[in-house]
Amino acid sequence: GEFYAGDTATWAQAVECYEEARQRGKKEATFPLAKAYLFGQGVKEDAKKGFAYAKEAADNEDVQSCMLVGYCYENGVGTVRDEQKAFEYYQHSATQDNPKGLYCLAACYLNGTGITRDTQKGQELMNESAQLGCIEAQDFLEEQERERQRKAQEEARARQYARSHTYMECTKCHGRGTI
């Protein structure tokens with residue numbers, strides 16, 4: 805399976821290998837099957853079958869699968885949308901220092917997905933995820949910093965405009981003796 809997985813022309817062969825390995829008791833073959841069926845890699849896309857494989861792997865403590873099941877619940881892919889369950893699966897994935905799982909959990913806290921919104925907790929988790937190397941978390945934090953800088957510049961321009969506008973108005977008023 806691993807040999808074929810990197811070659812898009814042979815995804816169908818990879819799926820066959822993963823199916824065979826899974827039937828021989830290789831639990832680690834279940835996650836690639838979940839991805840194949842969820843995203844139509846080498847097989848016809850089948851979200852329900854993909855979700856079932858992901859859930860099976862997650863129930864066997866596969867961290868990546870926990871994150872994938874969370875994604876499925878959050879977006880209603882192959883199952884009924886359930887934000888609470890999405891949060892729980894992301895949380896399970898994150899407890900094992902999975903950078904992407906931490907990122908997804910941070911997003912839940914920041915957006916109030918499956919849990920009461922808590923921006924402080926979300927920010928802490930996002931920072932932790934970025935420190936562990938999650939590119940999505942790093943990108944999020946960079947964008948957040950750019951937005952903070954943009955707002956600071958806008959506020960500075962607004963203050964400058966208000967000062968200069970007020971001074972000009974006062975000059976006009978003083979010139980007419982109306983202050």
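Counting the sequence shown from 1 gives a position; this note's numbering is that position plus 804.
Virtual Cβ for every residue (Gly too), placed ideally from N, Cα, C.
- In the DSSP assignment, L929 falls within the unbroken alpha helix (DSSP H) covering T923 to Q935.
- Taking C-beta separations shorter than 7 angstroms and ignoring five residues to either side along the sequence, the partners of K889 in its chain run Y877, following chain order.
- When the Cα atoms are used, K904 and A960 turn out to be separated by approximately 36 angstroms.
- A911 is positioned such that its CB atom lies no closer than 8 angstroms to that of T920.
- If you draw a straight line from the Cα of K839 to the Cα of Q845, it is about 7 angstroms long.
- Sequence-distant partners of G874 (beyond 5 residues in either direction) whose C-beta falls short of 7 angstroms from its own C-beta, in its chain, are A890, Y893, Y894, S897 and C908.
- Separation of G926 and L914 (C-alpha to C-alpha, rounded to the nearest whole angstrom) is 5 angstroms.
- The residue among V819, D886, Y841 and F835 with its C-alpha nearest the C-alpha of V867 is F835.
- For E824, the enclosing alpha helix (DSSP H) starts and ends at W815 to Q827.
- D943 carries a helical assignment under DSSP once its states are collapsed to helix, strand and coil.
- Distance from the CA atom of R885 to the CA atom of Q900, rounded to whole angstroms, is 24 angstroms.
- Around the C-beta of N902, 16 or more other C-beta atoms lie within 10 Å, and the residue is accordingly described as buried.
- Within the same chain, Y841, L842 and F843 come within 8 angstroms of E849 by CB-CB distance, once the 5 residues on both sides are set aside.
- A Cβ-Cβ contact shorter than 8 angstroms links A934 with Q942.
- Judged by DSSP in its simplified three-state form, G874 adopts helix.
- For C912, the secondary structure class from DSSP, reduced to helix, strand or coil, is helix.
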